[in-house]
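If you read the sequences in order, they're chains D and S. Numbers 1406 to 1901, taken from my numbering, label the letters of the first sequence in order. Numbers 1203 to 1710, taken from my numbering, label the letters of the second sequence in order.
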Amino acid sequence: MLEPINVSLESLNLITLAPMLIAIAGGLIILIIDLLNGKLHKSLYVMLTILVLFVDFGSVLGLNVNERGFFDVMLIDGISIVSQLMIIGGSMIFIPLALTSKRFHEYSYPEFFALFLFMIAGFQFMVATDNLILIFVGLETASLALYTLIALHNRANSYEAAVKYFTMGALAAGFFAMGSAVVYALTGSVELYKVAEVMATRLNETGLMIAVFGSSVLLLVAFAFKLSLFPFHTWVPDVYEGASAALAGYMSVVPKIAAFVVSIRLFGMYIDLGIEWVRWTILIIAVLTMTLSNIMALVQNDVKRMLAYSSISHAGFIIAALALDTTEGNTAIFLYYALFMFTNLGAFSMLWISRHKKRRFDSRYDHPYEKFAGLIQIMPMGAVIMGLFMFSLAGVPPFSVFWGKVYVMQAAVNAGYIWLAIIMGLNSAIAAYYYMKLVVYMFLKDPVKDVDVVYYNISKPLMAMVGFATVATVAAIFYVQPLVSYIYYMISASGY
Amino acid sequence: MENILSILVFFPAVAGLLGFIVDKESARTYGITVAAIEFLLSLWLWFSFDTSNAGMQFVEMIPLIPDMGISYYLGADGISLFIILMTTLMTLIGMASMGETKNIKNMIVTLLFLEMTMVGVFVALDAIIFYLFWELSLVPMLYIVGAWGGPLRVYAAIKFFLYTFMGSLIMLVGMLFVAYIYHNLTGVWSFAITDWYALVLPVNYQLWLFAAFFIGFAIKVPMFPFHTWIPYAHGQAPTIGSVILAAVLLKMGTYGFVRFSLPMFPDASVLAITPIAVLSLIMIIYTAMIAYAQKDMKQVIAYSSVSHMGIIMLGLFAMNAEGLSGSVFQMLSHGIVSGALFMLVGMIYDRRHTKLMSEFGGIASVMPKFAVIFGIMLMASVGLPLTIGFVGEFLVLLGFYQVSPMMTILAGTSIILGAVYMLRVMKRTFFGPLNNEENKKLKDLNGRETWSLIPLVAIVIWLGVYPKPVLEPIDNSVKALLSFMDEKAITQEAKDMISVAKSSKEAN
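Right, here's the structure in full:
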């Protein structure tokens, strides 16, 4: 006779699940409100979303480090707390971009905001576990919501972008599932800490090594898709081009943080086990990613596509820190994204508020360089702010991204990879060219004739967000210290 | 005023921010007033400077990012003191002599920001803070060249920016590596230059690091073969841009060698003497020959300024007090003289809208004041005794003679070559028949122009006759630097090379 299973509520440690449940409940609340009264303004939903995220943020802050919960599936370590905070924080600063002065189709749907919250819950699941199945569930929850958000942008190339992203995402999901299946077949577990234990004891078996090779290649491919690494980055510019600028900015930061956390857990484990070729593969991919996408960014005629390629390059920059497999390296990943987030938010919001209903300057692109020509004469403030973001992205001190770059390069030098630091330096020099190109257009060229107001879509909330991003970009030097020490403490507390 | 250095750095920046609010008509007066106050502040710095103390003075230190070892750390010694004075003086005079330009307000604000970054570079004692000002100085300069320059201005501005940006990124990697070594040895992070001085590095490390810093500094100097950006930058920049570029921005590179390369890597510096001397000789002779071939007056001065930077580089690597003091002195004199020459060319360009020598001839008779001042500056540039140009050049050659008489003789040709191309400018512009109709109506210098040049003429003659008040503090700091290098050097070869004992008194 089977014994009845007794599970006490305390042993489940449900508090570890609370943040995701808050986000999901928030999404449901929004849907219910819509059900009761369907004619409410988007500003209500934006504010509700921010409030839900605020509560979510608070609940993550209150979590204890290094706890497990819900049948030991949830893992709340330093990385998961830091990354959840960044995911929620990033979402909180991106969602007000819905408050544009012009009417946009997607923001009139409350479903947009509900999906947004579900997506965040998905990301949170992804980072707060070391169980391959739950990672998969989180990944798919988030991705499926994101495909829909892109498609809601209701333009022909948005559908194209969504379909492209969906196809690529489905392929990546397939690779991830296959890779996980091989891992499970090898070790009999989907919990990464158990996987590591089993693998450590059997490292000298040749047959096993071949299987490990297979599984890690599959997983690498899956995450190379998600992190937009060479040669699986080709979807990025098209998808960003099709998505609204606000969402493109969001996609260049938040989903990548989640994917990076899983990569640290997975590939950090392989590197810790002493499988050196994983490290080298990642390093090679990193160098190729940052260099090739930089070169591609050089030849773009559209600012948004340039920013898309540049964000691929930034991802390549950061994945190199992962291969170092040191605490500094892992800290660098989060520090870089924390600093990059504000600047990228700023740059994409500037594009977002300069969006026109019809294409004015080019038959294909929304944001060709010509559009910003002579902006200093038309809108001096806008030009200065956009210029600051470009300088920051190029890594000119004292703006925020510079400190991230210094930290990543310092981590590389510390780990003995001076050649890597030099390649990073040279890449920053290449990148300076295309960022400067926009600066040159804005400051040194004369405006195109018959131009009307460039920042057509501006509204008070958007100005506030851009102002916030500007302050965060310029004043980085004053908050880098607490940020570094907090992240470093959290990362080292969870043993990475 | 314990924090006078911070005031010096941030006063122009604050003034620049407020300058956005000042109305267009009074922008120039505002700019000149601010620059004058800044100059007075730097005079105050000189006044309160203890010339007998060779170490860092007015030190300020606030930890900024302790986890990464970065702090806000400023200080000045005899070497930086006079470069700061020159910076504030040239900014003031450049601004005062500036003719009518479009968007004068933007120009004033940009210049004030540029002044902040320049002073910042010369007082920073933390490598990251140094790097911060170093990189930040590119931004206003990019704008000055790109917005007010000639027809190819955008190309010139981008070339300037990318060239120097790339060099400094390699330098940044070098800085990170030094910090890493420091961390390995002591267990703490630090980017403070004074902490780094305490490191004794093995020679192979020194060589690599020397190379990394060299790229950053050499592009800025600009050393042959990294000099290709400068003819474009000078050729396209507006007058004020050329003045600041030649007078101050190029000095950042040579200052970097004094502040970083020499004291931190003495053995590598000694090993680098010959290659650097060869490059400097190429700079001196080759660019002097190019200068001779120019048709455009401004390009002659641009190339002559590269040629003179070669003299400065040679002096830095003489490894003795004469060479180094002469070199630092030459930085000042080159700043003043080439700045003045660019201003003079700018003034004649404002009148005729051409800088081609073939357009002129015999204008000494219509513009006597202009011709006299031009002549004095030209003589100083050539290195005529009793002018400021002589002191530095003589000391450098004297210093380098102890290293290699042969090379010194070659470098000495700079005086002859300089005389050749400069007198050619003089002859073709000022003398001969006045046969171009347009030149007959040329007006001589007006009051503003004259009064902005007179102080420079006074300095050129004063320091040419009596350089002691400037040379002595420089000499003290230079000797301290040399004895420090001597103590720190690990190879016997380097110890033999670095000579501390002799002073440069006899030059007076």
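We put the CB at the ideal spot given by N, CA and C, even for glycine.
Would you list the residues sitting across from residue i in a DSSP beta bridge?
i       : result
S/M1263 : S/Y1275
D/G1474 : D/M1479
S/L1371 : None; S/L1371 has no bridge partner.
D/P1773 : D/D1707
S/S1701 : S/N1522
S/L1558 : S/D1498
D/E1596 : D/N1536
For residue i, name the three-state secondary structure that DSSP assigns.
i       : result
D/P1660 : helix
S/E1524 : helix
D/T1534 : strand
S/D1328 : strand
S/M1394 : Note on identity: in this sequence residue 1394 of chain S is Ala, with Met being the wrong assignment. S/A1394: strand per DSSP, three-state reduction.
S/D1646 : coil
D/E1646 : helix
D/E1408 : coil
S/E1639 : helix
D/Y1891 : helix
D/I1402 : Any question about residue 1402 of chain D goes unanswered here, given that chain D covers just 1406 to 1901.
S/H1536 : helix
S/E1708 : Residue confidence is low: S/E1708 scores 42 on pLDDT, short of 50, so the model does not pin down where it sits. No coordinate-derived value is stated.
D/I1882 : helix
D/S1563 : helix
S/Q1604 : coil
Is it buried or exposed, residue i, if we count other Cβ atoms within 10 angstroms and call 16 or more buried?
i       : result
S/A1709 : With a pLDDT of 42 at S/A1709, under the threshold of 50, the predicted position of this residue should be treated as unreliable, though the coordinate-derived value follows. That one is buried.
S/E1317 : buried
S/G1352 : exposed
S/V1423 : buried
S/R1650 : exposed
D/R1710 : buried
S/Y1668 : exposed
D/I1615 : exposed
S/S1706 : With a pLDDT of 42 at S/S1706, under the threshold of 50, the modelled position of this residue cannot be trusted; read the value that follows with caution. Looking at its Cβ environment, which holds 16 or more other Cβ atoms inside 10 Å, S/S1706 is buried.
D/V1876 : exposed
D/W1757 : buried
S/G1277 : buried
Which residues bound the alpha helix (DSSP H) around residue i?
i       : result
S/E1186 : The structure shown does not extend to residue 1186 of chain S, since chain S spans only 1203 to 1710, so no value can be given for it.
D/N1735 : T1732 to I1758
S/R1650 : G1649 to V1667
S/T1441 : T1441 to I1446
D/P1802 : No alpha helix (DSSP H) contains D/P1802, which DSSP labels as neither H nor E.
S/P1570 : P1570 to V1584
D/N1832 : I1823 to L1849
Would a check of beta-carbon distances place residue i closer than 8 Å to chain D?
i       : result
S/G1301 : no
S/P1468 : no
S/A1504 : no
S/A1490 : no
S/L1599 : no
S/I1417 : no
S/D1328 : no
S/V1311 : no
S/F1363 : yes
S/S1706 : In this prediction, S/S1706 scores a pLDDT of 42, lower than 50, which makes its location untrustworthy; the coordinate-derived value is nonetheless stated afterwards. Output row for S/S1706: interface = no.
S/E1695 : no
For chain S, check one thing: does any of its Cβ atoms lie closer than 8 Å to the Cβ of residue i?
i       : result
D/S1833 : yes
D/M1695 : no
D/Q1705 : no
D/S1890 : yes
D/G1830 : yes
D/S1899 : no
D/F1796 : yes
D/M1895 : no
D/L1843 : no
For chain A, check one thing: does any of its Cβ atoms lie closer than 8 Å to the Cβ of residue i?
i       : result
S/L1401 : Looking at the structure shown, chain A is missing, and the protein chains on hand are D and S.
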